[in-house]
Structures are given as structure tokens and as C-alpha cells.
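Heads up, the sequence shown is in numbering that gives the first Met the number 0, so the first residue is 0 and it goes up one at a time.
In this text, a Cβ means the ideal position worked out from N, Cα and C, and glycines have one as well.
Fair warning: this is a prediction, and the values are worked out from it, not measured in the lab.
Structure, as C-alpha cells:
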Amino acid sequence: MHTAADLLPVPKLDGLTDQQARGATCVWDETPLTATTAIDLGERTATEGRRCFPRACRPCAMRKAMDALLAHNGSCEQCVDDHTQCPTGLGLVRAVREARW
Numbered sequence: 000m001h002t003a004a005d006l007l008p009v010p011k012l013d014g015l016t017d018q019q020a021r022g023a024t025c026v027w028d029e030t031p032l033t034a035t036t037a038i039d040l041g042e043r044t045a046t047e048g049r050r051c052f053p054r055a056c057r058p059c060a061m062r063k064a065m066d067a068l069l070a071h072n073g074s075c076e077q078c079v080d081d082h083t084q085c086p087t088g089l090g091l092v093r094a095v096r097e098a099r100w
């Protein structure tokens, strides 16, 4: 089962620092994270099989979720009519909501 945050694109996993790969810092700007400040982006597997647990700070997650939502909505006919009928559109709306505090 995917979460809304799973829909957000993350940087190339093979290029993450150890802190980014284990979720101690934001995958986009390396802001230190805590349990209350982090958005979990879901477990991912890098090409060499290394398991990663990327997380993001709320400002980065919000920007990435909004960018992904706008890009998706611009190309999805279903979202133009009703985003609640599109699993991706609905998931991205949820990702935006999760990133807000």
C-alpha cells in the first residue's frame, strides 16, 4: 500500500548521503529532521539493493507535492473534472495536506 508521500519523486537514491538515506536529514536540502518535523517518503531500494528510508522537511515536501500536483493536474483529464476520482491526483492532494503543519 502506497502513502501519499510515496508519490513524491526523490533524488537519485544512489547519490544520497548516509544521513539522507536513513532519514536523519531532508533528501532535498539536508535539513536535520526529528520525528515531529519529518515527512516520511516511504522505504525505497537503491539500484545496488541498499534500503533507504528518505524523509523530507515540511517546506521541501510542500514544494515538491505542489509541483507534482500542478504537473499532474495539467496532464490528467480526470483531475480537471474531479481529482477525487483519480488515485494519483487524490494522493498528491493528500501529500500537500500532510506537508502542511
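Residue i burial status per 10 Å Cβ neighbour count (16 or more: buried)
i: residue 0; result: Note that residue 0 scores a pLDDT of 45, beneath 50, so its modelled location is shaky; the value from the coordinates is reported in the next line. So residue 0 ends up on the exposed side.
i: residue 20; result: buried
i: residue 9; result: buried
i: residue 40; result: buried
i: residue 90; result: buried
Anticipated Cβ contact below 8 Å, residue i with residue j, distance rounded
i: residue 24; j: residue 33; result: Residue 24 to residue 33, Cβ: 11 Å. No contact.
i: residue 36; j: residue 56; result: 6 Å
i: residue 15; j: residue 87; result: Going by Cβ atoms, the distance from residue 15 to residue 87 rounds to 25 Å, so no, they are not a contact pair.
Cross-strand partners of residue i (DSSP beta bridge)
i: residue 37; result: 56
Minimum Cβ-Cβ distance from residue i to chain C less than 9 Å
i: residue 78; result: Of the protein chains in the structure, only one exists, and it is not chain C.
Nearest to residue i (by Cα), restricted to the options the options
i: residue 42; options: 27, 67, 60, 22; result: 22
i: residue 158; options: 12, 97, 18; result: The chain is shown from 0 up to 100; residue 158 falls before or after that span and cannot be answered.
i: residue 50; options: 90, 12, 77; result: 12
i: residue 54; options: 27, 93, 69, 84; result: 27
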